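For the sequence shown, our numbering gives the first residue as 7, with consecutive numbering after it.
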Amino acid sequence: MDQKVLVLNGDYTAITLCSVQKAFVLLYLDKAEMIANSDHGTLRTISHTYPKPSIIRLQRYVRVPYKGIALSRHNIMKRDHFECQYCGSTKNLTLDHVLPRSRGGESSWTNLLTACSRCNHAKGHRTPDEAGLHIRQKPKKPTLSGFLKLSAGTLDHNWHAYLN
7 MDQKVLVLNG DYTAITLCSV QKAFVLLYLD KAEMIANSDH GTLRTISHTY PKPSIIRLQR
67 YVRVPYKGIA LSRHNIMKRD HFECQYCGST KNLTLDHVLP RSRGGESSWT NLLTACSRCN
127 HAKGHRTPDE AGLHIRQKPK KPTLSGFLKL SAGTLDHNWH AYLN
């Protein structure tokens, strides 16, 4: 039951992920309709068996003010797949400013990346070029659909049409 369900708005745009339990409640209360079933089992009660949802769509359009994805330590590390963007290590991870704060670098999606403490210390108050370090993946602000893919862990094959 730890699987995720893709929730679509009334206009079929992806808005979030929820638990199977939450999706079932929305379906049961007729607040959503099932778009696709999961291939992984069913939900059982004492007297009924229900297909496990993979994608649900809300019956009514809900206006969701999009504020973007929050800039946080965890979200940056999630974007960078919890590995150092200089050497690929997954141990002793910290955040690094590509352009150091001492030189006017700001805390933004495009200036922060995940680095191990060894690489971060070796870089110091220099840029990666000055320190002789190569960035594996250029830091950028993630899109909502891309971030939902990262948050889901394993993607259901039914989701691809709605997250692309």
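Glycine is no exception: its CB is placed at the ideal position from the N, C-alpha and C atoms. All figures in this text were calculated on a predicted structure; none of them were measured in a lab.
| Item | Value |
| --- | --- |
| Where the alpha helix (DSSP H) through L139 begins and ends | No alpha helix (DSSP H) contains L139, which DSSP labels as neither H nor E. |
| Residue range of the unbroken beta strand (DSSP E) whose run includes H103 | L99 to H103 |
| Integer-rounded CB distance, given that C125 should sit under 8 Å from Y168 | That belief does not hold up - the Cβ atoms of Y168 and C125 are roughly 37 Å apart, past 8 Å. |
| As assigned by DSSP and simplified to three states, the class of K10 | strand |
| Own chain partners of K37 with C-beta closer than 7 Å, once the 5 adjacent residues on each side are dropped | L64 and Q65 |
| Minimum length 3: unbroken beta strand (DSSP E) runs contained in the segment 60-136 | 99-103 and 118-122 |
| Proximity of N98 and S123 at Cβ, strictly below 7 Å | yes |
| Exposed unless 16 or more other CB atoms sit within 10 angstroms - verdict on S151 | exposed |
| Meets three-Cβ-pair contact criterion under 8 Å: the segment 9-25 and the segment 128-142 | no |
| Local conformation of K146 per DSSP, three classes | coil |
| CB-CB length for K28 against H46, believed under 8 Å | Not quite, the Cβ-Cβ distance comes to about 17 Å (not below 8 Å), so this is no contact. |
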